[in-house]
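To start, the structure itself, in structure tokens.
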Amino acid sequence: MQTPSDRHEYPAHWEADVVLRDGGTARVRPITTDDAERLVSFYEQVSDESKYYRFFAPYPRLSAKDVHRFTHHDFVDRVGLAATVGGEFIATVRYDRIDARGLPASAPADEAEVAFLVQDSHQGRGVASALLEHIAAVARERGIRRFAAEVLPANNKMIKVFTDAGYTQKRSFEDGVVRLEFDLEPTDRSLAVQHAREQRAEARSVKRLLAPGSVAVIGAGRARGGVGRSVLDNLRQAGFTGRLYAVNRALEEKELDGVPAHRSVRDIGEPVDLAVVAVPAEQVLDAVTECGEHGVQGLVVVSAGYAESGPAGRERQRELVRHARTYGMRIVGPNAFGVINTSPQVRLNASLAPEMPRPGRIGLFAQSGAIGIALLSRLHRRGGGVTGVTGVSTFVSSGNRADVSGNDVLQYWFDDPDTDVALMYLESIGNPRKFTRLARRTAAAKPLVVVQGARHGGAAPQGHAVRATRLPHATVSALLRQAGVIRVDTITELVDAGLLLARQPLPRGPRVAIVGNSESLGLLTYDACLAEGLRPLPPKDLTTAASAADFHRALSQALADDGCDAVVVTAIPAVGENSTADAALAEALRSSAAAAPAKPVLVVHVELGGLAEALSAAASTAPQAAGPAAGAAPGAARRFHPADGTAPAQPGPATGPDSRLIPAYPAAERAVRALAEAVKYAQWRLDAEEPGKVPEYEDIDEKGAAGLIDGLLGRGEGLTLDGPDTCALLGRYGIDVHRALPAPTPDDAVAAAGALGYPVALKTTAPHLRHRADLGGVRLDLADEEQLRRAYAELTALFGTPAVLRPVVQRMAPRGVDTVVRAVIDPAAGAVLSFGLAGAASELLGDTAHRLVPVTDRDAASLVRSIRTAPLLFGWRGSAPVDTAALEQLMLRVSRLVDDHPEVVAVALEPVVVAPTGISVLGATVRLARAPIRDDLGPRTLPVV
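Going by this note's numbering, the sequence shown opens with residue 527, and the numbers climb by one from there.
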């Protein structure tokens, strides 16, 4: 039990679980007075050499005074943290605040001396690096800005911990000791180092689950049909290459169908890497304890009865995760369908799937077992849905995702050489900021296709403990697309896109050739291309009498055309056609496509099951030995041409199991939709190579804005600024808001117009009429006092008294297009910038575009152009184009404001009139609150359960 020490309450929020370099986990927590015995036991297990490096002298044991000093902290000026596994210390770190002379001090002194000690058997696991991140975060919280450390020159490991951390540092050598001083403010390099370590550690933790050397199935019974026995049979039938064990307390036998059987994991005389737990929920904790004591590295918990069953189950789930992490184990589940790895070196089917998928290049992640079954089945079978055979590299169905999540699997797939395309079914996103960061990095290397379930339910599914987001689904979808995610709406579209991306190169543009033996099907495909924003060429009709040679010739001509980026082949059955003809047509298409490996080919077939099977005759989507063809998109054509880089000019036999696979679709709309997603993704890849810059502005007064915000927040939390304060704050960032003077009476309105200068606008600011020009609450171009008084009388006669209307007078702005620029801080996703045209029509149609902050110059340009009504800004139907460059600069300044000052939780500029030259901000609202905690800038931690 943790208790408070000297002066301050125990800081429970410093407790965290971390993933170490080897994929195991450890618990980081403050050291308290209750830890004396643990500290002594830990120190006894440290080697004499490590003790010498820590204290610069032989130090065989800790004195009572030492133990008291190292366990009594005030959690401000003296702090100690320990990394624990199984409740025992494996490493410690402490800091002591010092003054300029190196003597003990209190605030405002902002420097501290830091020292580590790591148990020898745990050195090399990245424990010290993780502890440095956490002690640095604690120090920053307590007002410490700089660490100093003295290290013996021979202690290369500890010197490397400090120098590799990425902080700005100074190094000196005196009196035989290396002195390191470094600032604790995160830098781009320190964050990059932290993210790289996070990726390696989390990828390794997933690899330990997917590539174990030995597996124990806990709960495997004698009778077939039970969950545990089914998993055991699936593992055995898949040909798992490692050691396999059956565990069940009721077993008397020594074997189950040739698999060694034991009553407890403790009875297994060899190491166990992975345990699949399939026992009733009330027995799971005992099984986890046995696994932890035996040194099991990871768990797949298929047992149900957890958070999906209600509050009691949710608490049971929390206890399960806490208990497993105590022993350094990670969990897939609970309520999981299981994991699969088709690699010939592993052949792991630790799931409830009765059949092992074919090996291939597609990675699958599903939070739902039912959807996981559907995905595996659809990718596995021929016919029905998307026909053809494709292969899976790895599959993870996370169930309640209490621990291992989609983020962890993305970390693994990022540098997995066996995975070329990632498909994910998500019902919740536990950490959207992290997911978008990982997705952006993954998408730059390989396609990531996501379908999100439970989009409109308003809450996470039962069993998913995730933070809430206030953003609508359309906004989340737009942010995922910004990160390079291929967002689709259905499981069918997920598989459609995945098949294309796994089998074909990325298109270099939107130009599509259409060839086939049906004029009607060609026209349907043409229309579908237009609907998806592609640029189809006129369809080429080969007539129903076309032979395989005719298809080969037409496809070869289309692929050779420099004005074509992709080809869709449409095929209907001819009278008397049989399976032999189907096979001949497939060979013709495949050999023609092989001659132009840089362009994707898709087939739309109608009632040609034999053609679909023949096109997918290869058993694998394994990559080819040869590299991409010249002119192909980066990384796009790396797997689809023969190993020697050539292909026969005429129809001929396939080149074997690695021949190019052509995806076949039973409907034109499905094929074209998949192609359109590939086109957008290819363009995103090109754009990502030059992501743009966040500009610097000399006229921005960041320090002045910070002082103003601090002063305003002194008035209270959740503050909506009044007009003058809003103008003052925005003015610090070069954003000029037109003055709006209150006009409670007609005479006040005339006086305001005199101060501003005619012509003026008179408008109401009542909540029910604000920003609703369509309701008539605005009068424009009032040129003199007479017009102003008449307009004032009309408004009050129509809508009510001035006290209700709250009228204001504003100088007229140049005519242009009315737009809206907003920024909001979402607790889950972070800061989001939004843009759209002003007016009820845009709101009704949801025609708003979104980008994550900070926004680059390229983001701002794309933001303006990504709304459906964007043509109104660029001279639609002969109107004058407006100054979109000035609009982009405004959005960049708003982005900088909310990025520099997280206390600015909402900004709304409405309307922003964009004229042919310049912009006018006619209305602005700013809301302030204390800055929310940014967990993406803190030390690495696993999600809190």
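Backbone N, C-alpha and C fix where the C-beta goes; we use that ideal spot for every residue, glycine too.
Expected contact under 8 Å - CB spacing of residue i and residue j to nearest Å
i: Arg666; j: Leu710; result: 5 Å
i: Arg1453; j: Val1431; result: 5 Å
i: Tyr1052; j: Asn926; result: About 46 Å; that fails the 8 Å criterion.
i: Asp1067; j: Glu1045; result: 4 Å
i: Ala1084; j: Val1093; result: 5 Å
i: Val872; j: Thr767; result: 6 Å
i: Leu1111; j: Val1127; result: Not a contact, Cβ separation roughly 13 Å.
i: Val976; j: Arg1013; result: 6 Å
i: Gly821; j: Pro797; result: 6 Å
i: Ala1080; j: Val1041; result: 4 Å
i: Lys1125; j: Pro1036; result: About 13 Å; that fails the 8 Å criterion.
i: Gly606; j: Ile670; result: With 8 Å as the limit, Gly606 and Ile670 do not qualify as a contact, their Cβ atoms being about 14 Å apart.
i: Leu846; j: Ala749; result: Between Ala749 and Leu846 the Cβ distance is about 26 Å, and since that is not below 8 Å, they are no contact.
i: Thr610; j: Ala680; result: Contact doesn't hold; Cβ gap of about 28 Å is too wide.
i: Ala1441; j: Arg1341; result: 6 Å
i: Val753; j: Gly745; result: 7 Å
i: Val858; j: Val826; result: 5 Å
Identity of the residues DSSP links to residue i by a beta bridge
i: Val1276; result: Val1276 pairs with nothing; no bridge assigned.
i: Ala833; result: Partner(s): none; Ala833 has no beta bridge.
i: Tyr621; result: Val605 and Val640
i: Phe921; result: Ile866 and Leu890
i: Asn875; result: Ile866
i: Thr551; result: Val545
i: Asp1344; result: Val1439
i: Gln571; result: None; Gln571 has no bridge partner.
i: Pro1123; result: Note: Pro1123 sits in no beta bridge, so no partner.
i: Asp709; result: Arg672
i: Ala1375; result: Phe1361
i: Ala1097; result: His1131
i: Pro1407; result: BP columns for Pro1407 are empty, so no partner.
Neighbourhood of residue i by C-beta distance below 8 Å, restricted to the same chain and skipping five residues each side
i: Asp1295; result: At residue 1295 the sequence reads Leu, which differs from the Asp that was named. Result list for Leu1295: Leu1301, Gly1303, Phe1325 and Leu1331, in chain order.
i: Val687; result: Phe642, Ala654, Ser655 and Leu658
i: Leu1528; result: Limits of the chain in this structure are 527 at one end and 1471 at the other, which puts residue 1528 out of reach.
Sequence-distant residues of its chain with Cβ nearer than 7 Å to residue i (five each side left out)
i: Thr1467; result: Ala542, Asp543 and Val544
i: Trp939; result: Gly889, Thr945, Ala948 and Thr968
i: Ala1292; result: Val1330, Leu1331 and Arg1332
i: Asp1225; result: Gly1260
Same chain, Cβ closer than 6 Å to residue i, neighbours up to 5 away in sequence not counted
i: Phe642; result: Val619 and Ala654
i: Phe615; result: Arg564, Phe568 and Ala608
i: Ser1421; result: Leu1359, Val1379, Pro1380 and Val1381
i: Ser1003; result: Arg1013
i: Leu936; result: Leu964 and Thr968
i: Leu1306; result: Ala1287
i: Arg966; result: Ala1009 and Gly1010
Residue i (DSSP reduced to helix, strand or coil)
i: Ala1148; result: Confidence at Ala1148 is low in this model, with a pLDDT of 35, below 50, so the placement of that residue is unreliable and no value is reported for it.
i: Gly1362; result: strand
i: Ile1226; result: coil
i: Gly1356; result: strand
i: Ser740; result: strand
i: Thr1395; result: coil
i: Tyr771; result: strand
i: Arg1466; result: coil
i: Gly616; result: Gly is not the amino acid found at residue 616; the sequence shown has Ile there. Of the three classes helix, strand and coil, the one that applies to Ile616 here is strand, per DSSP.
i: Ala971; result: coil
i: Met950; result: strand
i: Arg908; result: Note that Arg908 scores a pLDDT of 38, beneath 50, so its modelled location is shaky and nothing firm can be said.
i: Val593; result: helix
i: Tyr1052; result: helix
i: Lys780; result: coil
i: Tyr938; result: helix
Residue-chain proximity (residue i, chain B), Cβ-Cβ < 7 Å
i: Asp1091; result: Among the protein chains of the structure shown there is no chain B, as only one such chain exists.
I'd like the ranges of any beta strand (DSSP E) spanning at least 3 consecutive residues and lying wholly in the region 641-691. 672-677
Segments of 4+ residues assigned as alpha helix (DSSP H) that fall wholly inside the region 1430-1457: none
Give the list of continuous alpha helix (DSSP H) stretches no shorter than 4 residues that lie fully inside the region 1008-1041. Runs found: 1017-1029.
Give, in chain order, every unbroken run of the alpha helix (DSSP H) that is at least 4 residues long and sits entirely within the region 1251-1316. 1272-1282
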